[in-house]
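**Student:**
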Amino acid sequence: MEIYKTRKEATERINELKRQGKTVGFVPTMGALHEGHLSLMRCSKRDNDITAVSIFVNPTQFNDPKDLEHYPRMLDKDIEKLEAEKVDILFAPDEKEMYPEPDTRQFDFGHLDKILEGKHRPGHFNGVAQVVSKLFQVIPATRAYFGKKDYQQYLIIRELVHRYMPELDIEIIPCPIIREKDGLAMSSRNLLLSPEERKSAALISQVLFRARELSSTNTMTIEELKNFVIDTINQNPHLKVEYFEIADANTLLPIENWYEADKKIGLIAAYCGQIRLIDNVEFN
Ligand code: PAF
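Going by the working numbering, the residue at position 224 of the sequence shown is 236; the numbering climbs one at a time, nothing skipped.
1. Helix or strand or just coil, what does DSSP make of PHE240?
2. Would ILE216 pass as a contact of LEU251 if the rule is Cβ separation under 8 Å?
3. Note down, in chain order, each residue of its chain lying with its Cβ closer than 7 Å to the Cβ of ILE189, except the 5 sequence neighbours on either side.
4. What residue does the alpha helix (DSSP H) around ALA96 start on, and which one ends it?
5. Closest by CA to GLU192, which one among LYS17, GLU47 and GLY33?
6. Given the structure, does PRO40 come close to the ligand PAF, in the sense that its CB is under 7 Å from one of the ligand's heavy atoms?
7. With respect to 7 Å, is the separation between the Cβ of ASN138 and the closest non-hydrogen atom of the ligand PAF below this value?
8. Given that a residue counts as buried once 16 or more other Cβ atoms are within 10 Å of its Cβ, and exposed if not, what is ARG58?
9. In the DSSP output, which residue or residues are listed as bridge partners for ASN256?
10. Could you tell me whether the Cβ atoms of ILE169 and ILE184 are closer together than 8 Å?
11. For GLY135, which residues of its own chain have a beta-carbon under 6 Å away from its beta-carbon, when the five flanking residues on both sides are left out?
12. Only counting runs of 4 or more residues, tell me where the alpha helix (DSSP H) segments fall wholly within the stretch 134-202, in order along the chain.
13. Examine the ligand PAF and report whether any of its heavy atoms sits within less than 7 Å of the Cβ of ASN70.
14. Would you list the residues sitting across from ILE15 in a DSSP beta bridge?
15. Under 7 Å: does the beta carbon of GLN165 sit that close to some heavy atom of the ligand PAF?
16. Give every residue of the same chain whose Cβ lies closer than 6 Å to the Cβ of ALA273, excluding the five residues on either side of it in the sequence, and list them in chain order.
17. Using only the alpha-carbon positions, how far apart do GLN142 and LYS30 sit?
18. Pull the bridge partners of ARG288 from the DSSP assignment, please.
19. Kindly indicate which three-state DSSP category THR72 falls into: helix, strand or coil?
20. Would you check if the distance between the CB atom of VAL39 and the CB atom of ILE26 is smaller than 8 Å?
21. Compute the Euclidean distance between the alpha carbons of LYS42 and ASN70, then round it to the nearest angstrom.
22. Do TYR157 and SER3 come within 8 Å of each other at the CB atom, strictly closer than that value?
23. Return the Cβ separation of PHE148 and ALA22 in integer angstroms, given the expectation that the two are a contact with Cβ distance under 8 Å.
24. CA-CA distance, VAL219 and THR244?
25. Within a Cβ cutoff of 8 Å, which residues of the same chain sit near LEU226, ignoring the five residues on either side of it in sequence?
26. Relative to the C-alpha of LEU289, which candidate in PHE295, ILE280 and ASN296 has its C-alpha closest?
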């Protein structure tokens, strides 16, 4: 695997490969790689000649300094996993390389960055847009891959390319959520859970799956289903729901009746102890 630490070298290499007519798939990550990340890399390898991955824990997207401080970092282990997956290129810059000076750009995504995660993590999506727009300049890929666990992030990044960098013409590909055996959505943050918390965390997805079953019976209003999800999860002493919303999956605007949208999605953020987890389920 080729490893680049500077933007200049990485871009030169990608452009050289593109000049040779190769398609490039790109998987941006913050490291602490798990099966969810690896599945994105496998999708990229399936679709493209070359797969490039970035590892950079982006400080501008953390609205909580403690969260940034505790975020797991394990570059050597990650490199072993990337080599086992036969990833072609790793871009692993340090903070100075990505932010030689502070990034003061403010992005506007309409309502999309002001609701759900955007409302509860002020500045988070602006930070994501800052780093992803820089990464896309460094690695002007043919396609870029994002997990649907961060569903709102996927929609924001699609909008980022559409509104702010259409000339790059990067296709944004959403990939399915990868789950542990008990249903917990894979996340680097799961590493921070105590064994007791880890057991409780599985309830989040289990209740979401139950909600999907209940929604298909047409016996509950949206309000009733939302209360069921929030109350059931909050009964567990380790868990506290921050929000659960049912929304139009295309716009993420909340809906009050099942017939208001064709594609519907339930999105949740919940604390498990001190660790904030997110998940979602698409309804039929
Ligand atoms: O989803 C993530 O891991 C991060 O938000 C991303 C897209 C790599 C930007 O830092």
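For every residue, glycine included, the Cβ atom is placed at its ideal position computed from N, Cα and C.
**Tutor:** Taking the definition as stated:
1. helix
2. Yes; because the gap between Cβ atoms is below 8 Å, this pair is in contact.
3. GLY159, LYS160, LYS161 and ALA197
4. Here the alpha helix (DSSP H) through ALA96 covers 87-96.
5. GLU47
6. Result yes, Cβ under 7 Å from the ligand PAF.
7. No - the ligand PAF has no heavy atom lying nearer than 7 Å to the Cβ of ASN138.
8. Under this definition ARG58 is an exposed residue.
9. One point to set straight first is that residue 256 is Phe, not Asn, in the sequence displayed. Answer is ILE280, bridged to PHE256.
10. yes
11. ASN75
12. 136-150 and 163-176
13. yes
14. Per the DSSP secondary-structure output, ILE15 pairs in a beta bridge with LEU102.
15. Flag set: Cβ of GLN165 near the ligand PAF.
16. Within the same chain, ALA273 has close Cβ partners ASP260 and ILE267.
17. 24 Å
18. TYR283
19. helix
20. Not closer than 8 Å, so no.
21. The residue you asked about is not Lys; residue 42 is Met in the sequence shown. If I take the Cα positions, the gap works out to 7 Å.
22. The structure shown does not extend to residue 3, since the chain is modelled only from 13 through 296, so no value can be given for it.
23. So it is not a contact: roughly 12 Å between Cβ atoms.
24. 7 Å
25. Result list for LEU226: MET232, LEU237 and PHE240, in chain order.
26. ILE280
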